[in-house]
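The structure under discussion appears below in the form of C-alpha cells.
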C-alpha cells in the first residue's frame, strides 16, 4: 500500500507549506490542495485520518498506514466476512498532522485541550475551515455519485473519516462547519439517504477514544444531526465512537481537567440522537447491521483496549491501545456497509 499523503497544520490550524513552517493563506487553501494533493484513480476508499494527544507527526502517519494494512490483511484472510467489498478495496489515506505533544501531566493535557480548542475556535482557529476545504476538495475530485442512494462515483470511491482523541474533535468541527449555511466554505447501503442539498457526504466516521465531554454533541456539536429545520452535517453513515474504562487520558485526566470523564472513557452520553451501545467484536465475528446502522454508535472496547503492564498505570493508560486488528475489522466493516 502506498504511503499516505500528509497535511501539516500549525498551532492556529493553518496548512503549512510542505517542508516549512510557512502557513498557506486562507484564500489559497484550495489552490494549495490542488497543487499538492492528487487522488489516485485506483483508490476505492479515501480516508482522512486526524491523530490525537501525544502523537509525533511520523507516528501519526505510521498509525494510519498500520490500520489500513490490517484492514487489507483481514480482507485477504477472510473475504467472506466482507461481501460488500468483493468488487475491490483499495484504500488511500490523507493524514492530517498537528502539534499535539506536551508533558504527560494535567497541565500538559489542558495545554493540548486548549490548543485543540483554539485551532477550532470560531473566528480564529482555521482547522475546521481547512478540513472542510479538504473534504470538499476530496469529494469534488471523486466526481458525482453513480446513484443517489449510494455515494460512489464512477470510479467507486467512498469517503471515510477516522480520528483519535482530540482528532475526533477536529473532524466533528469540520463536518459541522460544512453544515453551516450561509456562509460555508466552497466545499464539498446506510438507511440514511444522501441529501442532494449537502456540499459533500461522508460515508462513515470512526473516532477512537475521543477526547471530548460525554455531552459534547449537545454542547459543542449541536448541528451535526438533523433537528427541526436544521439540515445537519453531511454525514450519511454512522458516527462510531470507541471507549474503554482503561483509558486514563479521557478518564483520570479528563475528569481532573473537565470535572467528568470523557467519551473515550465512558462513551457518548446525552446527544440530539440516542447513542446505540454495542461491543467491539473479534475479527472472526460479523457485526449485525442493526448494531451499526444508527446516527451515533458507542462501541465498548474495554475488553481489548486495556494497555499492557507498562502502560496501564501510565498517564494516558490505554488511550492509544486501538492499533489492533479488531479496530481494523470495525473500520473495514464500516467501509463494506457503505456500499
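Residue numbers (my numbering): 61 to 399. Glycine included, C-beta positions come from ideal geometry on N, C-alpha and C. Computed from a predicted model, the values in this text were never measured in an experiment.
Taking the Cα of residue 273 as reference, the smallest distance to any Cα among 291, 144, 303 is reached at 303. Of the candidates 132, 326, 235, 132 places its Cα closest to the Cα of residue 387. Each residue's CA atom was taken as its position, placing residue 107 and residue 99 some 11 Å apart.
The residue from 65, 136, 144 with its alpha-carbon nearest to that of residue 110 is 65. Contact check for residue 218 against residue 395 passes: the beta carbons are separated by less than 8 Å.
Beta-carbon to beta-carbon, residue 222 and residue 298 are separated by about 13 Å, too far to satisfy the 8 Å threshold. The Cβ neighbour count for residue 276, taken over all protein chains shown within 10 Å, is at least 16; the residue is labelled buried. The DSSP-derived three-state label of residue 381 is coil. Taken atom to atom, the span from the alpha-carbon of residue 135 to that of residue 270 is near 27 Å. Here DSSP, grouped into helix, strand and coil, assigns residue 310 to helix.
Short of 8 Å from the beta carbon of residue 179, and not among the five residues preceding or following it, lie these beta carbons of its own chain, in chain order: 69, 71, 72, 73, 158, 185, 186, 187, 230. Straight through space, the alpha carbons of residue 376 and residue 164 are spaced by roughly 8 Å. Per DSSP, the beta-bridge partners of residue 262 are 295.
According to the DSSP assignment, residue 337 belongs to the beta strand (DSSP E) that extends over 336 to 339.
Within a 10 Å sphere around the beta-carbon of residue 290 sit fewer than 16 other beta-carbons, which makes this residue exposed. Distance between residue 88 and residue 197, taken at the CA atoms: about 13 Å. Nearest to residue 331 by C-alpha distance, out of 353, 278, 341, 399, is 278. The Cβ atoms of residue 378 and residue 343 do not sit closer than 8 Å to each other. In the structure shown, residue 281 falls within a coil segment according to DSSP collapsed to helix, strand and coil. For residue 134, the enclosing alpha helix (DSSP H) covers residues 117 to 137. The beta carbon of residue 374 sits closer than 8 Å to those of 164, 308, 367, all from its chain and outside the five residues before and after it, given in chain order. Residue 310 counts as buried, since at least 16 other C-beta atoms from the protein chains shown sit within 10 angstroms of its C-beta. By DSSP's assignment, residue 287 forms a beta bridge with 290. In this structure, 224 is the residue among 224, 349, 137, 96 with its C-alpha nearest to the C-alpha of residue 114. As computed with DSSP, residue 66 is found in a beta bridge with 155. Taking a 10 Å sphere around the C-beta of residue 393, we find 16 or more other C-beta atoms and assign the residue as buried. In the three-state DSSP reduction, residue 109 falls in the strand class (E or B).
At least 8 Å separates the beta-carbon of residue 262 from that of residue 359. Leaving aside the five residues that flank residue 201 on each side, the residues in its chain whose CB is nearer than 8 Å to its CB run, in chain order, 99. Around the Cβ of residue 61, a 10 Å sphere holds fewer than 16 other Cβ atoms; the residue is exposed. Residue 94 and residue 389 have their alpha carbons spaced roughly 32 Å apart. In this structure the region 139 to 155 does not lie against the region 76 to 85, because fewer than three pairs of beta carbons, one per stretch, are closer than 8 Å. DSSP places residue 200 in the helix class (H, G or I) of the three-state scheme. With at least 16 other beta carbons inside 10 angstroms of its own, residue 199 counts as buried.
Annotated three-state conformation of residue 323 is helix, per DSSP.
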